[in-house]
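Undergrad: Protein chains in written order, with the working numbering: chain A, -11 to 135; chain B, -11 to 135. Ideal Cβ positions, reconstructed from N, Cα and C, are used throughout, including at glycine. None of the values given here were measured: they were computed from a predicted structure.
Protein chains: 2
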Amino acid sequence: MIDALRMALRSAGLRCTPARLSVLGTLDALGQPVTHADLSAHPDVAGMDDITLYRTLGTLVDAGLIHRVQGIDGAWRYCVQPRDRAGCPGNHPHFLCTGCRRMECLVDQAMPRVRVPEGAEVRGRHFVVYGRCAACAAASAGSGAPG
Amino acid sequence: MIDALRMALRSAGLRCTPARLSVLGTLDALGQPVTHADLSAHPDVAGMDDITLYRTLGTLVDAGLIHRVQGIDGAWRYCVQPRDRAGCPGNHPHFLCTGCRRMECLVDQAMPRVRVPEGAEVRGRHFVVYGRCAACAAASAGSGAPG
DNA sequence: GACTATATGCAGGCGACTTGCAAGAAAGTC
DNA sequence: GACTTTCTTGCAAGTCGCCTGCATATAGTC
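1) Restricting to Cα atoms, I'd like to know which of B:25, B:108 and B:69 is closest to residue 82 (chain A).
2) Would you mind sorting residue 35 (chain A) into buried or exposed? The rule is 16 or more other CB atoms within 10 Å of its CB.
3) To the nearest whole angstrom, what separates the beta carbons of residue 110 (chain B) and residue 117 (chain B), a pair I think is in contact under 8 Å?
4) Under the three-state reduction of DSSP, which class applies to residue 124 (chain A): helix, strand or coil?
5) If the criterion is Cβ atoms closer than 8 Å, does the pair residue 124 (chain B) and residue 88 (chain B) meet it?
6) Measuring only the C-alpha atoms, how far is residue 12 (chain A) from residue 25 (chain B)?
7) Beta-carbon within less than 8 Å of residue 33 (chain B)'s beta-carbon, same chain only, minus the 5 sequence neighbours each way: which residues are those?
8) CB-CB under 8 Å to residue -4 (chain A), same chain, minus the five flanking residues each way: which ones, in chain order?
9) For the alpha helix (DSSP H) that contains residue 39 (chain A), what are its first and last residues?
10) Residues of the segment 14 to 48 of chain B with a CB closer than 9 Å to any CB of chain A: list them in chain order, please.
11) For residue 21 (chain B), count neighbouring C-beta atoms within 10 Å of its own C-beta (all shown protein chains included) and say buried if the count is 16 or more, exposed if not.
12) State the DSSP-derived secondary structure class of residue 94 (chain B), mapped to helix, strand or coil.
13) How many Å lie between residue 0 (chain B) and residue 97 (chain B) at the Cα?
14) By the 10 Å Cβ neighbour count, where 16 or more other Cβ atoms means buried, how is residue 75 (chain A) classified, buried or exposed?
15) Candidates B:57, B:-9 and B:62: which alpha carbon is nearest residue 68 (chain B)'s?
16) For residue 119 (chain B), which of helix, strand or coil comes out of DSSP?
17) Secondary structure at residue 55 (chain A), three-state DSSP: helix, strand or coil?
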C-alpha cells in the first residue's frame, strides 16, 4: 500500500516525504473529494502544518496525482486520480450534497460536450451537480428538518 | 432603460435605490458575467462601498434578478438573468477564458443531464468550460507568448 | 411633509490562502 | 556509512475576500 504510494510519487518525480505519503494515502483511503479543512481534521493528517497541507495539495495537483474540484460553496475539494486514467484531470462530473457537503466523483460518466464561442479553445470542463444525497434527502423527508 | 430596471426591481419586491439601479444597469450593459472586482472598478459603480456592492449583489441574486457563477479561479461572477427566462438561475453552461478571465453565458445551450447516485435529489447544475477565447487564442498563436 | 422600514457606509474582524525565510529531511555520490 | 545538494517543512507575517454590527441616510407610504 505504502509502496504503491511511494511509486506513484517517484514516478511523478516527487520525493517521498511523510507529508505527501499521509496526504496521498488519506485521499486514497477516502476515495471522494474532500476539502482542505476535512483533510486537516483527519487523524492521519492531523498535526500537519496547514501551510504544508496547502503546499502538499498543490504539489500533488501539479504532479497530476490528484485533482481538485470546486463546489458551489467555494471550497476546493481534492481527490486522487483514478489509477487507470493517468493524466485525466478530474475529467468527470461531480455531485455535491448541499446537506452534508460531501462530494462524489461520477467517474463512470463522460463529461458532456458543449459548443463554445467561435475560435475559442477548450482546455477543460468543470461540471458540478448539486443537491441532496440519498442520506440527506431521506433525513429531510423523514424529519422535515433539512440541516 | 432606467424605467425597465425600476420595474424589474419593483416586481421583485425590492426598493429602487441608486446602488441597485447602477449595479443592475451595469450588469445589463455588460451582458456577461463579471466579478465583484470588475464591477467595483467599473466607472458606473466606482465609489460605491465594497460592502454595499456585496450586499447589493446578494440581494439581486436572492431576488432572482441576476445569477452568479463560479469560475475555476474561485471568483464569483454575476450576470443579469435572461429576461425571457425569468427564474432560471443561470441554468446554462458558461465559458471562462483563462487568459483574459472573461466569462460568457452559453445561453443557447441546455444544461446536460447527468446520472446522479441512487436516491439523490438534484437541485442545480454548475457547468463551466474553460480555455482561451478567440481573441486570447489568436494573440497567443500570433505572439507565441500566452499571458 | 412626516413616518417607518429598509438600505447604505464605516469600523472592525474572521477565515482562507500566500509569501519569505530558516531549519530539517530525502536522494544521490563517494 | 558519511557527506553534499536540493527539496520540503514549519513558522511568522501579511494579503485578500467576505461578513457582522451599528449608526445614519433614504425609499416608499400615508
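TA: According to the data block:
1) Here residue 82 (chain A) is taken as the residue at index 94 of the first sequence, counted from 1. Cα-wise, what sits closest to residue 82 (chain A) is B:108.
2) Working through the first sequence from its first residue, we reach residue 35 (chain A) at position 47. Residue environment analysis places residue 35 (chain A) among the exposed positions, since fewer than 16 neighbouring C-beta atoms fall within 10 angstroms of its C-beta.
3) On the second sequence, position 122 is the one that residue 110 (chain B) refers to. On the second sequence, position 129 is the one that residue 117 (chain B) refers to. In fact, because the Cβ distance is near 20 Å, the residues do not count as touching under 8 Å.
4) As a position in the first sequence, residue 124 (chain A) is number 136, starting the count at 1. Three-state result, residue 124 (chain A): helix.
5) As a first step, residue 124 (chain B) must be located in the second sequence, where it is residue number 136. As a first step, residue 88 (chain B) must be located in the second sequence, where it is residue number 100. Cβ distance < 8 Å, so residue 124 (chain B) and residue 88 (chain B) count as in contact.
6) Here residue 12 (chain A) refers to the residue found at position 24 when the first sequence is read from its first residue. Here residue 25 (chain B) refers to the residue found at position 37 when the second sequence is read from its first residue. Taking the straight line joining both Cα atoms gives about 35 Å.
7) Residue mapping note: residue 33 (chain B) aligns to position 45 of the second sequence, counting from 1. Excluding residues within five positions, the ones whose Cβ falls inside 8 Å are 10, 11, 14, 27 and 41.
8) The residue labelled residue -4 (chain A) in the question sits at position 8 within the first sequence. Residues 12 and 53 of the same chain have their beta carbon placed closer than 8 Å to that of residue -4 (chain A), with the five preceding and five following residues left out of the count.
9) If you number the first sequence from 1, residue 39 (chain A) lands on position 51. Where residue 39 (chain A) is concerned, the enclosing alpha helix (DSSP H) stretches over 38 to 50.
10) Taking 9 Å as the Cβ-Cβ cut-off against chain A, none of the residues of the segment 14 to 48 of chain B qualify.
11) In the second sequence, the residue the question calls residue 21 (chain B) occupies position 33. With 16 or more other Cβ atoms within 10 Å, it is buried.
12) To locate residue 94 (chain B), count along the second sequence from 1; it is residue 106. Of the three classes helix, strand and coil, the one that applies to residue 94 (chain B) here is coil, per DSSP.
13) Counted from its first residue, the second sequence places residue 0 (chain B) at position 12. Counted from its first residue, the second sequence places residue 97 (chain B) at position 109. Straight-line Cα distance between these residues: approximately 26 Å.
14) Residue 75 (chain A) sits at position 87 when you count from the first residue of the first sequence. With a pLDDT of only 45 at residue 75 (chain A), under the threshold of 50, the placement of this residue in the model should not be trusted, and no figure is reported.
15) One-based indexing of the second sequence puts residue 68 (chain B) at position 80. Across the set B:57, B:-9 and B:62, the C-alpha of B:57 shows the shortest separation from the C-alpha of residue 68 (chain B).
16) Here residue 119 (chain B) corresponds to residue number 131 of the second sequence, with the count starting at 1. In this structure, DSSP gives residue 119 (chain B) an extended state, which the three-state scheme calls strand.
17) For the purposes of this step, residue 55 (chain A) is taken as the residue at position 67 of the first sequence. Here residue 55 (chain A) sits in strand by DSSP.
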